[in-house]
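Peer 1: Plus 31 on top of the position in the sequence shown (first one is 1) and you've got the numbering used here. In this text, a Cβ means the ideal position worked out from N, Cα and C, and glycines have one as well.
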Amino acid sequence: MPSPALATSAWWSIADANPVALAIVVIAVAVAAIGYVGTRVWTTRQWKRRR
32 MPSPALATSA
42 WWSIADANPV
52 ALAIVVIAVA
62 VAAIGYVGTR
72 VWTTRQWKRR
82 R
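1. Beta-carbon within less than 8 angstroms of I45's beta-carbon, same chain only, minus the 5 sequence neighbours each way: which residues are those?
2. In angstroms with no decimal places, state the Cα-to-Cα distance between T70 and V57.
3. DSSP three-state label for I81, please.
4. Note the first and the last residue of the continuous alpha helix (DSSP H) segment covering S44.
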């Protein structure tokens, strides 16, 4: 397991070298989180409607 300082410096070196890749990763994580929450909300509504 790398140290937090090493991981942080690697993160910033990637951000400096390729901000486009960093933006793509951030957007992908955001889309995945929104999709997960939306799926949970939708299934909860379906379950309540079924009862």
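Peer 2: Reading it off the structure:
1. Take I45, set aside five residues on each side of it, and the residues of its chain with a beta-carbon closer than 8 angstroms to its own are A52, L53, in chain order.
2. Cα to Cα, the separation comes out at about 20 angstroms.
3. Note that residue 81 is Arg in the sequence shown here, rather than Ile. Of the three classes helix, strand and coil, the one that applies to R81 here is helix, per DSSP.
4. Its alpha helix (DSSP H) spans residues 35 to 48.
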